[in-house]
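Undergrad: Have a look at this one before I ask anything.
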Amino acid sequence: MSKIDIVLGTFFGDEGKGKVIDYLATKADVTVRCSGGNNAGHTIQVNGKKYAFHLAPSGILTPGTLAVIGNGVVIDPRVLIEELEVLKNDGYSIDNLRISDKASVIMPYHIEMDKMLEAQRAPGDKIGTTARGIGPCYCDKYERCAIRMEDLIGDTFEEKVRKNVKNKNIIFKANGWDEVDAEAIIAEYQPLGAYLKKYVCDTINLLHDCLEKDMSMLCEGAQATLLDIDFGSYPFVTSSSPSVGGVCTGTGLSAHDIGEVYGVLKAYSSRVGEGPYITEQNNEIGDTIRELGHEYGATTKRPRRCGWLDLVALNYAVKVNGITGLAINHLDTIGKLPRFKLCVAYDYNGERTTNYSTNAKFQETCKPIYEEFEGDFEIGDAKSFEQLPEKAKVYLNRIEELTGVPVKFIGTGAGREELIVR
Ligand code: IMP
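The sequence shown begins at 108 in the numbering used here and counts up one residue at a time.
The structure is reproduced here in structure tokens:
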């Protein structure tokens, strides 16, 4: 029986998971999304053309590879269909798509609720959500009133929409926000359900059957550990579980079914949206990293906050996820700096600690303790770890030493193929 390999973000997202996922997806028989929704973004380049996926699993481009959207995902059907139509127009068959009947559906009132709640938050309290309705959709899931894919394609849809809209409109009205129209939503969404119906199935048994048939499986994580609803810097987090637990709850696979867990990071760090960030360089250094690493949101173009790599936080991600291999991107970018830093511990009220906590007081109080490294190195056309410049190896070796986890993938440039596999 095979096991599922997992690719996860270790910090605040945007670590470049897509690069590792692309590499592994071409070898997988099944690729699975298990959490989040179209707050995630991932660009794939095939035959010179770029495809921006927010919901479609990467395997969708490979005929013969199953592309599964698991039960833990929240699906905006308008966005998913838009992605599928682009693929169909380019001649791709999307018959390899499978969507869990239990996945929750993002409805227009979730998007409105997301916008309304964010607009009402005071400046210091804003989360900086992607305004895609993610949080309110997960709220409905846990409130047990979500519309699932099985409703969208079935005969329970109309009644559930009317009930939900009635309740949401009470909230919208009380807040002076525009109300939504149940009948208009039903009229728009029923055809979307009809479009997606043939892909909807029981993905839980499907995935277990795939393991039994020894098919190789890859779970492509979205967001990242420090954005996790439980393990992240709450409340500045997303509303799902992007850490390893979300793979089990978002697919129906068990802990025993997990194989390799690859944690993706950059040679520095970044964050979008609000929230604490201990190694942030809100200064010229951060600006330089941003420019060198092109750290601007792929869809929103929001400038990302940038800083040094934080091994205290990374070790927390290693613990929480059981990471078995690291994937470090932007090694070329950090090498463009004359010198750079790595946070190896925190000073917490005069005491040195290597234990991370998302507690707000802890985050405010901690001062990073750094080791410094020499930069000014060029990766050139190094195709293996051994061929890397000595200064780059020193940095990677130190990361391995302090995490106890081997570096398995090294991103050496912006191109998809600029990846050293070890
Ligand atoms: P939401 O997921 O739209 O509710 O946004 C909550 C927080 O998570 C915000 O700070 C977002 O910027 C952040 N976030 C959500 N998805 C991603 C992602 O894929 N990469 C980086 N940050 C994200």
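No residue lacks a Cβ here, since even glycine has one placed at the ideal position from N, Cα and C.
Using only CA atoms, which one of 269, 427 and 492 lies nearest to residue 292?
TA: As a working mapping, residue 292 is identified with position 185 in the sequence shown. Minimum Cα distance to residue 292 is reached at 269.
Undergrad: Determine the closest residue to residue 448 out of 336, 140 and 392, with distance taken between C-alpha atoms.
TA: The sequence position of residue 448 within the sequence shown is 341, counting from 1. Cα-wise, what sits closest to residue 448 is 392.
Undergrad: Give me the Cβ distance between residue 371 and residue 114, rounded to the nearest whole Å; I'm assuming they're in contact under 8 angstroms.
TA: Counting from one through the sequence shown, the residue named residue 371 turns up at place 264. Counting from one through the sequence shown, the residue named residue 114 turns up at place 7. Between residue 114 and residue 371 the Cβ distance is about 6 angstroms, and since that is below 8 angstroms, they are a contact.
Undergrad: Could one say the Cβ of residue 127 lies closer than 7 angstroms to chain B's Cβ atoms, at least one of them?
TA: Chain labels in this structure do not include chain B; a single protein chain is all it has.
Undergrad: Note the first and the last residue of the continuous beta strand (DSSP E) segment covering residue 460.
TA: For the purposes of this step, residue 460 is taken as residue 353 along the sequence shown, with counting starting at 1. Residue 460 -> beta strand (DSSP E) spans 458–460.
Undergrad: Does the segment 241–250 come within contact of the segment 142–157, defined as at least 3 CB pairs closer than 8 angstroms?
TA: yes
Undergrad: What's the call for residue 198, buried or exposed, on a 16-neighbour Cβ count within 10 Å?
TA: Taking the first residue of the sequence shown as position 1, residue 198 is located at position 91. Its Cβ having fewer than 16 others within 10 Å, residue 198 is exposed.
Undergrad: Unbroken alpha helix (DSSP H) runs of length 4 or more, entirely within the segment 336–397: which are they?
TA: With a minimum length of 4 residues, the continuous alpha helix (DSSP H) runs that stay inside the segment 336–397 are 352–356.
Undergrad: When the Cα atoms are used, what is the spatial distance from residue 333 to residue 420?
TA: Translated into the one-based positions of the sequence shown, residue 333 becomes position 226. Translated into the one-based positions of the sequence shown, residue 420 becomes position 313. C-alpha separation (whole angstroms): 8 angstroms.
Undergrad: Alpha carbon to alpha carbon, how far is residue 443 from residue 211?
TA: Within the sequence shown, numbered from 1, the residue matching residue 443 stands at position 336. Within the sequence shown, numbered from 1, the residue matching residue 211 stands at position 104. Rounded to whole angstroms, residue 443 to residue 211 spans 44 angstroms at the Cα level.
Undergrad: Would you mind reading off the limits of the alpha helix (DSSP H) that contains residue 269?
TA: For the purposes of this step, residue 269 is taken as residue 162 along the sequence shown, with counting starting at 1. For residue 269, the enclosing alpha helix (DSSP H) starts and ends at 264–281.
Undergrad: Between residue 479 and residue 505, is the Cβ-Cβ spacing less than 7 angstroms?
TA: Along the sequence shown, one-based indexing puts residue 479 at 372. Along the sequence shown, one-based indexing puts residue 505 at 398. No; because the gap between Cβ atoms is not below 7 angstroms, this pair is not in contact.
Undergrad: Using 6 angstroms as the cut-off, classify the Cβ of residue 121 as near or not near the heavy atoms of the ligand IMP, replying yes or no.
TA: For the purposes of this step, residue 121 is identified with residue 14 of the sequence shown, where counting begins at 1. Checking the Cβ of residue 121 against the ligand IMP gives yes.
Undergrad: List the DSSP bridge partners of residue 527.
TA: In the sequence shown, residue 527 corresponds to position 420, counting from 1. Answer by DSSP bridge pairing, in chain order: 517.
Undergrad: Where do the ends of the alpha helix (DSSP H) carrying residue 246 lie?
TA: Position 139 of the sequence shown, counting from 1, holds the residue named residue 246. From DSSP, the alpha helix (DSSP H) with residue 246 extends over 241–250.
Undergrad: Based on Cα-Cα distance, which residue from 395, 222, 346 and 474 lies nearest to residue 453?
TA: Here residue 453 refers to the residue found at position 346 of the sequence shown. Taking only the C-alpha atoms, the option nearest residue 453 is 474.
Undergrad: Considering only the alpha carbon of each residue, which of 221, 379, 366 and 353 lies closest to residue 142?
TA: One-based indexing of the sequence shown puts residue 142 at position 35. Selected option, being the one with the closest Cα: 353.
Undergrad: Whole alpha helix (DSSP H) runs in the segment 111–197 with 4 or more residues, listed along the chain?
TA: DSSP assignment within the segment 111–197 yields the following whole alpha helix (DSSP H) runs of 4 residues or more, N-terminal first: 124–132 and 184–196.
Undergrad: Where DSSP assigns a beta bridge to residue 448, which residues make up the other side?
TA: The residue you call residue 448 lines up with position 341 of the sequence shown. Per DSSP, 479.
Undergrad: Cα separation between residue 117 and residue 509?
TA: Your numbering for residue 117 matches position 10 in the sequence shown. Your numbering for residue 509 matches position 402 in the sequence shown. So the two alpha carbons sit approximately 15 angstroms from each other.
Undergrad: Rounded to whole angstroms, what is the Cα-Cα separation between residue 501 and residue 324?
TA: In the sequence shown, counting from the first residue as 1, residue 501 sits at position 394. In the sequence shown, counting from the first residue as 1, residue 324 sits at position 217. Looking at the two C-alpha atoms, the distance is approximately 33 angstroms.
Undergrad: Could you give the first and the last residue of the continuous beta strand (DSSP E) run that contains residue 317?
TA: Numbered from 1 along the sequence shown, position 210 holds the residue referred to as residue 317. No beta strand (DSSP E) contains residue 317, which is instead part of the alpha helix (DSSP H) from 310–319.
Undergrad: Does residue 528 pass the burial test, meaning 16 or more other C-beta atoms within 10 Å, or should it be called exposed?
TA: Counting from one through the sequence shown, the residue named residue 528 turns up at place 421. With fewer than 16 other Cβ atoms within 10 Å, it is exposed.
Undergrad: Taking the alpha-carbon of residue 208 as reference, which of 195, 367, 178 and 252 has the nearest alpha-carbon?
TA: Sequence index remark: in the sequence shown, residue 208 carries index 101 (1-based). Selected option, being the one with the closest Cα: 178.
Undergrad: Report the rounded CA-to-CA distance for residue 541 versus residue 361, giving the unit in angstroms.
TA: Nothing can be reported for residue 541: it is not among the residues displayed for the chain, which extend from 108 to 529.
Undergrad: Does the pairing of the segment 224–240 with the segment 294–309 give three or more beta-carbon distances under 8 angstroms?
TA: no
Undergrad: Is it a yes or a no for the segment 340–348 touching the segment 126–138, going by three-plus beta-carbon pairs under 8 angstroms?
TA: no
Undergrad: Among the residues of its own chain, which have a CB less than 8 angstroms from the CB of residue 415, if the five just before and after it don't count?
TA: Here the question's residue 415 lines up with position 308 in the sequence shown. Cβ within range, chain order: 375, 376, 386, 388, 447, 448, 449, 450, 475 and 477.
Undergrad: Under DSSP, the alpha helix (DSSP H) around residue 439 begins and ends at which residues?
TA: Numbered from its first residue, the sequence shown carries residue 439 at position 332. Element bounds for residue 439: 438–441.
Undergrad: Please name the residue or residues paired with residue 202 in a DSSP beta bridge.
TA: Residue mapping note: residue 202 aligns to position 95 of the sequence shown, counting from 1. Note: residue 202 sits in no beta bridge, so no partner.
Undergrad: Cα separation between residue 373 and residue 438?
TA: Taking the first residue of the sequence shown as position 1, residue 373 is located at position 266. Taking the first residue of the sequence shown as position 1, residue 438 is located at position 331. Going by the C-alpha atoms only, they are around 8 angstroms apart.
Undergrad: Kindly provide the ranges of any alpha helix (DSSP H) runs that are 4 or more residues long and lie completely inside the segment 489–514, ordered along the chain.
TA: 497–510
Undergrad: Verify the contact flag: residue 236, CB atom, against every heavy atom of the ligand IMP, threshold strictly below 6 angstroms.
TA: As a working mapping, residue 236 is identified with position 129 in the sequence shown. Inclusion of residue 236 in the 6 angstroms shell around the ligand IMP follows from its C-beta lying nearer than that to a non-hydrogen atom of the ligand.
Undergrad: Hey, how far is the Cα of residue 157 from the Cα of residue 434?
TA: Position 50 of the sequence shown, counting from 1, holds the residue named residue 157. Position 327 of the sequence shown, counting from 1, holds the residue named residue 434. Each residue's alpha carbon lies about 23 angstroms from the other.
Undergrad: Would you grab the beta carbon distance between residue 167 and residue 204 for me? Rounded to a whole angstrom, and I think it's under 8 angstroms.
TA: Stepping through the sequence shown from its first residue, residue 167 is reached at position 60. Stepping through the sequence shown from its first residue, residue 204 is reached at position 97. That belief holds up - the Cβ atoms of residue 167 and residue 204 are roughly 6 angstroms apart, short of 8 angstroms.
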